[in-house]
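A.B. asks:
Number of protein chains: 2
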Amino acid sequence: MALLVQKYGGTSVGSVERIEAVADRVLKHKQQGDDIVVVVSAMSGETNRLIELAKSIQGTPDAREMDVLLSTGEQVTIALLSMALMKRGLQAKSYTGSQVRITTDSAHGKARIQDIDTESMRADLDAGRVLVVAGFQGADEHGNITTLGRGGSDTTGVALAAALKADECQIYTDVDGVYTTDPRVVDSARRLEKITFEEMLEMASLGSKVLQIRSVEFAGKYQVPLRVLSSFVEGEGTLITTDGEISMEQPAVSGIAFNRDEAKLTLKGVPDVPGVASKILGPVSEANVEVDMIVQNVSMDGTTDFTFTVHRNDYDKALQVLEVVAKDLNAKEVLSNANIAKVSIVGVGMRSHAGVATNMFKALAAESINIQLISTSEIKVSVIIDEKYMELAVRALHSAFKLNDPTAGVSEA
Amino acid sequence: MALLVQKYGGTSVGSVERIEAVADRVLKHKQQGDDIVVVVSAMSGETNRLIELAKSIQGTPDAREMDVLLSTGEQVTIALLSMALMKRGLQAKSYTGSQVRITTDSAHGKARIQDIDTESMRADLDAGRVLVVAGFQGADEHGNITTLGRGGSDTTGVALAAALKADECQIYTDVDGVYTTDPRVVDSARRLEKITFEEMLEMASLGSKVLQIRSVEFAGKYQVPLRVLSSFVEGEGTLITTDGEISMEQPAVSGIAFNRDEAKLTLKGVPDVPGVASKILGPVSEANVEVDMIVQNVSMDGTTDFTFTVHRNDYDKALQVLEVVAKDLNAKEVLSNANIAKVSIVGVGMRSHAGVATNMFKALAAESINIQLISTSEIKVSVIIDEKYMELAVRALHSAFKLNDPTAGVSEA
């Protein structure tokens, strides 16, 4: 008998029919003898409806009142799902964030969970009840309703699983797991059975939008096994877990991530003296532009070339700032390119496998793909290439690292 | 400077525009120096939408979860109205029933208020804030969300006014006050400036649907001056208050109430012995039929006639029961009539004015209206007449008691 926390997003509870389907799934797990805590989001569309209402009254709605308003979305879902469970003969009980006592700080709209009182939930679980908890919400120490911001329901799920010491936190979404890469780009992309938290974080931050980064960080920190599954298709999904849970046999690379949301800017011929990097990036960040990759080449003749990437939406703004900086620093010229793509290989296996980066570069060279920039972390190698070669590069790497071969994938522990 | 509790029903907050109009009215009162606590219902239509959702899932929705669901309706309104007040430069703060700490019993769907914690509200009022409280809801001692049932928002308003010792509880509705009788029946019907709680109770229970009986009882019990006003038209409305507040000059009759929702049943020739009334009405109430008027005529030849009225919806059921009872008691026959109307004169002045009933009967006789039944209380005389004479009777009585004459109405104290 396991204690499972199951989280269903807005699409999974988007209609009465889908709520009934969730109830069916919960019933099945309960019949298998598991204890279940369900975390739900607002029905899809509801949050946007409420935001529109608020904005039609107050251009920038008051943050406290916005939370009072938005929290009703999940409250509707918990009541309806509890009813659907009772119709199936289960004992069910709903909890708002305040009722659980999910205590947060007072940062309305982006509150952070500080404490979860499990006493009442524990008693209800012992009494055989299925608990249905409103995701995305809590209350501060004064009883003001707060919301956790984007991806907040995932965070609620993970936090409850940690507080209740659940065996698994299951995140039901519209995809059936984490893939070696995007199946729309590579036909032979394969669902991973397991992946580590660190790999998942790299995959997520590189554009794989299965889970919110914050909830993965949270799960990693509290060592809550996290499983991504489909609400609509039966399957095992992908288990996100700690290093130790994953076989030693594991291959160097677990997945290929990519995105074409970035643009590249280079300042050529800036003086190679201490402080120049901050003179360049200071004004950029003051303009609220976030920088992703930063590469500085070796110096020649006392000057160097400084390159960085930004989100493509910030491209124009960053370019304007850089033109000014270039004059101040007497730089030779500003180069820029928005037609780029970032392709990355991710895998904790890299730590113990030599030559992974070399294999990556070799595979790209075999397709005559020029590498414009390289950046590495302990479990990731990213390259910037011409946008038009992105799909080709992803397919070449997927094949080079044998990711289509299940026996070479992340094997079961 | 007065402390006012203002309650706005679903129609008054039924759209963004109407919420803005409520905010304008609150601003005006606040600018006049009053402290304001606003109690609001769910936006009109919202409660029905939620009930439909629930019923589509669970035929008879679980009572606890229904309250979790329905309470979101008012929660949306308090957030939106608070935003509208802030847009006008007021400091505003919303309170759910749980946040006030409106403690109720655990009778979901028809909970009774046990206690109201005014500490936090008092501090916010002292800080100059307008408080916006969700009507219709509270929480039991375990923190379960409860709702107060029909007319619950009126009850919340009156209970808050009592707890905060407010100067007045103002109920904003779609009518501009309490009238001497229904203006749709009598053109010259006149708005009353004042009426006593007792009169209001009689008027309400006789079909005048301006206020829920429960909130009037509550206001009377705690001596909270209650004012009925229109959300849409400026005006003084009608003040419902205690006897002492109303002039001694007051006329015998304050208003004419009527309804055609009843049916009459008579058992002729039953033995005039102790216990016969309960032998007749016992089976009727066991069939869950509520009885309104009961009249027993004097005995002749050891037998008597026993008549009572029931709601017209219960007419068939009551008749079935009575046929059986008639056999058991060897009654002569059962008479029944669903085409009747009840017309009543109401007024605390009757206590000190002799001959009021006589004047009533005289006025009806002048129109050749036959009286089928008579029943009286301390401040009311009701008669049952043929349904087709109802309007005629109401107009005759309205004129006989000079209710169209403002100087003869309930005068100001």
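Chains as they are written, first to last, in full-length UniProt numbering: chain A, 1 to 413; chain B, 1 to 413.
We put the CB at the ideal spot given by N, CA and C, even for glycine.
(1) With H, G and I counted as helix, E and B as strand and the rest as coil, what does DSSP make of residue 424 of chain B?
(2) List, in chain order, every chain A residue whose beta-carbon is nearer than 7 Å to that of B/Lys-87.
(3) Skipping 5 residues on each side, what residues in its chain have a beta carbon closer than 6 Å to that of A/Val-158?
(4) Under a three-way DSSP split, which group does B/Gln-75 fall into?
(5) To the nearest whole angstrom, what separates the beta carbons of A/Asp-117 and A/Arg-101, a pair I think is in contact under 8 Å?
(6) Consult DSSP for A/Val-13 and reduce its assignment to one of helix, strand or coil.
(7) Measuring straight from C-alpha to C-alpha, what distance separates B/Val-133 and B/Ile-374?
(8) Residues of chain B with a CB under 7 Å from the CB of A/Thr-72: which are they?
(9) Which chain B residues sit within Cβ distance under 8 Å of A/Leu-53?
(10) Using a Cβ-Cβ distance cut-off of 8 Å, determine whether B/Asp-62 contacts chain A.
(11) Which residue from A/Pro-271, A/Ile-145, A/Thr-307 and A/Glu-378 puts its Cα closest to that of A/Lys-327?
(12) Establish whether the CB of B/Val-410 and some CB of chain A are separated by less than 8 Å.
(13) Use the C-beta contact count for B/Arg-395: other C-beta atoms within 10 angstroms, 16 or more gives buried, fewer gives exposed.
(14) Kindly indicate which residue of A/His-108, A/Ala-287, A/Glu-74 and A/Phe-401 has the alpha-carbon position closest to the one of A/Ile-345.
(15) Over what stretch of residues does the beta strand (DSSP E) that includes B/Tyr-172 continue unbroken?
(16) With a CB to CB cut of under 7 Å and the five nearest residues on each side skipped, what residues in its chain are close to B/Glu-198?
(17) Residues of the region 195 to 225 of chain A with a CB closer than 9 Å to any CB of chain B: list them in chain order, please.
(18) At which residues does the alpha helix (DSSP H) containing A/Phe-258 begin and terminate?
(19) From A/Gly-275 to A/Glu-202, what distance separates their C-alpha atoms?
(20) Should B/Val-68 be flagged as near chain A, meaning a C-beta pair shorter than 8 Å?
(21) Kindly say whether B/Glu-65, judged by its beta-carbon, lies nearer than 8 Å to any beta-carbon of chain A.
(22) In angstroms with no decimal places, state the Cα-to-Cα distance between A/Ile-371 and A/Glu-236.
(23) For the alpha helix (DSSP H) containing A/Gly-157, list its first residue and its last residue.
(24) Grab me the residues of B/Arg-18's own chain with a C-beta within less than 7 Å of its C-beta, minus the 5 sequence neighbours each way, in chain order.
(25) Taking a cut of 7 Å between CB atoms, which residues from the region 127 to 138 of chain B lie near chain A?
(26) Comparing the C-beta of B/Met-121 with each C-beta of chain A, is any distance below 8 Å?
(27) Using beta carbons (cut-off 8 Å, strictly below), is B/Gly-177 in contact with chain A?
(28) Residues in the region 138 to 155 of chain A with C-beta within 7 Å of chain B's C-beta atoms, listed in sequence order?
(29) Along the chain, where does the beta strand (DSSP E) containing B/Met-121 start, and where does it finish?
(30) Curious, which full-length beta strand (DSSP E) runs of at least 3 residues does the region 371 to 400 of chain A contain?
(31) At which residues does the alpha helix (DSSP H) containing A/Gly-328 begin and terminate?
(32) With distances taken between CB atoms, is the gap from A/Ser-98 to B/Ser-98 smaller than 8 Å?
(33) List the whole-angstrom C-beta distance separating B/Arg-64 from B/His-108, where the pair is believed to meet the contact cut-off of C-beta under 8 Å.
(34) Suppose you measure from the CA of B/Asn-330 to the CA of B/Ile-280; what does that come to, to the nearest Å?
(35) Taking 8 Å as the CB-CB limit, is B/Ala-84 close to chain A?
(36) Here's a check: name, in chain order, each residue in its chain whose Cβ is nearer than 6 Å to the Cβ of B/Val-356, leaving out the five neighbours to either side.
C.D. replies: With the given structure in hand:
(1) What is shown of chain B runs 1 to 413, which leaves residue 424 of chain B out entirely.
(2) As a first step, residue 87 of chain B is located in the second sequence; it is residue number 87 there, counting from the start. Contacts between B/Lys-87 and chain A, judged by CB atoms closer than 7 Å, involve Ile-57 and Gln-58 in chain order.
(3) Working through the first sequence from its first residue, we reach residue 158 of chain A at position 158. Result list for A/Val-158: Cys-169, Ser-215, Phe-218, Ala-219 and Val-224, in chain order.
(4) The count along the second sequence starts at 1 and reaches residue 75 of chain B at position 75. Look at B/Gln-75 here: in three-state DSSP terms it is helix.
(5) Within the first sequence, residue 117 of chain A is the residue found at index 117, counting from 1. Within the first sequence, residue 101 of chain A is the residue found at index 101, counting from 1. Contact flag correct, Cβ pair sits at about 4 Å.
(6) Sequence index remark: in the first sequence, residue 13 of chain A carries index 13 (1-based). Here DSSP, grouped into helix, strand and coil, assigns A/Val-13 to helix.
(7) Counted from its first residue, the second sequence places residue 133 of chain B at position 133. Counted from its first residue, the second sequence places residue 374 of chain B at position 374. Rounded to whole angstroms, B/Val-133 to B/Ile-374 spans 45 Å at the Cα level.
(8) As a working note, residue 72 of chain A is residue 72 in the first sequence. Those within 7 Å of A/Thr-72 in chain B are Thr-72, Gln-75 and Val-76.
(9) The count along the first sequence starts at 1 and reaches residue 53 of chain A at position 53. Counting only Cβ-Cβ distances below 8 Å, A/Leu-53 has contacts in chain B at Val-16, Val-76 and Leu-80, in chain order.
(10) As a working mapping, residue 62 of chain B is identified with position 62 in the second sequence. Between B/Asp-62 and chain A, the shortest Cβ-Cβ separation is below 8 Å.
(11) Taking the first residue of the first sequence as 1, we reach residue 327 of chain A at position 327. Considering only alpha carbons, the answer is A/Pro-271.
(12) Along the second sequence, read from residue 1 onward, the residue named residue 410 of chain B stands at position 410. Note that B/Val-410 scores a pLDDT of 40, beneath 50, so its modelled location is shaky and nothing firm can be said.
(13) Mapped onto the second sequence, residue 395 of chain B falls at position 395. It counts as buried.
(14) Along the first sequence, one-based indexing puts residue 345 of chain A at 345. Considering only alpha carbons, the answer is A/Phe-401.
(15) For the purposes of this step, residue 172 of chain B is taken as residue 172 along the second sequence, with counting starting at 1. Counting along the chain, the beta strand (DSSP E) containing B/Tyr-172 begins and ends at 168 to 173.
(16) Translated into the one-based positions of the second sequence, residue 198 of chain B becomes position 198. Closer than 7 Å at the Cβ level, and outside the excluded window around B/Glu-198, lie Val-348 and Ile-379.
(17) If the cut-off is 9 Å between Cβ atoms, the region 195 to 225 of chain A has nothing near chain B.
(18) For the purposes of this step, residue 258 of chain A is taken as the residue at position 258 of the first sequence. Annotation: A/Phe-258 is outside any alpha helix (DSSP H); the continuous beta strand (DSSP E) that includes it extends over 255 to 259.
(19) Along the first sequence, one-based indexing puts residue 275 of chain A at 275. Along the first sequence, one-based indexing puts residue 202 of chain A at 202. Going by the C-alpha atoms only, they are around 30 Å apart.
(20) The residue given as residue 68 of chain B occupies position 68 in the second sequence. Yes, B/Val-68 counts as interfacial toward chain A.
(21) The sequence position of residue 65 of chain B within the second sequence is 65, counting from 1. Judged by the 8 Å Cβ criterion, B/Glu-65 is in contact with chain A.
(22) On the first sequence, residue 371 of chain A is found 371 positions in, with the first residue counted as 1. On the first sequence, residue 236 of chain A is found 236 positions in, with the first residue counted as 1. Near 37 Å, if we compare the C-alpha coordinates of A/Glu-236 and A/Ile-371.
(23) Along the first sequence, one-based indexing puts residue 157 of chain A at 157. Per DSSP, A/Gly-157 belongs to the alpha helix (DSSP H) from 152 to 163.
(24) Position 18 of the second sequence holds residue 18 of chain B. Within the same chain, B/Arg-18 has close Cβ partners Ser-12.
(25) Correct list: empty, as no residue qualifies.
(26) Counting from 1 along the second sequence, the entry for residue 121 of chain B is found at position 121. B/Met-121 has a beta carbon lying at 8 Å or more from every beta carbon in chain A.
(27) Position 177 of the second sequence holds residue 177 of chain B. Output row for B/Gly-177: interface = no.
(28) The residues in question are Gly-143.
(29) Position 121 of the second sequence, counting from 1, holds the residue named residue 121 of chain B. No beta strand (DSSP E) holds B/Met-121; the alpha helix (DSSP H) holding it covers 119 to 126.
(30) The region 371 to 400 of chain A contains these whole beta strand (DSSP E) runs: 373 to 377 and 380 to 386.
(31) Counting from one through the first sequence, the residue named residue 328 of chain A turns up at place 328. Per the sequence shown, the amino acid found at residue 328 of chain A is Asp instead of Gly. Going by DSSP, A/Asp-328 is part of the alpha helix (DSSP H) stretching over 315 to 328.
(32) The residue given as residue 98 of chain A occupies position 98 in the first sequence. The residue given as residue 98 of chain B occupies position 98 in the second sequence. Yes, the Cβ-Cβ distance between A/Ser-98 and B/Ser-98 is below 8 Å.
(33) One-based indexing of the second sequence puts residue 64 of chain B at position 64. One-based indexing of the second sequence puts residue 108 of chain B at position 108. Under the criterion of beta carbons closer than 8 Å, B/Arg-64 and B/His-108 qualify as touching, at roughly 5 Å.
(34) To locate residue 330 of chain B, count along the second sequence from 1; it is residue 330. To locate residue 280 of chain B, count along the second sequence from 1; it is residue 280. Cα atoms of B/Asn-330 and B/Ile-280: separation of roughly 12 Å, rounded to the nearest angstrom.
(35) Position 84 of the second sequence, counted from the first residue, corresponds to residue 84 of chain B. Answer yes: the Cβ-Cβ gap between B/Ala-84 and chain A drops below 8 Å somewhere.
(36) Along the second sequence, one-based indexing puts residue 356 of chain B at 356. Taken in chain order, the residues that qualify are Ala-252 and Met-350.
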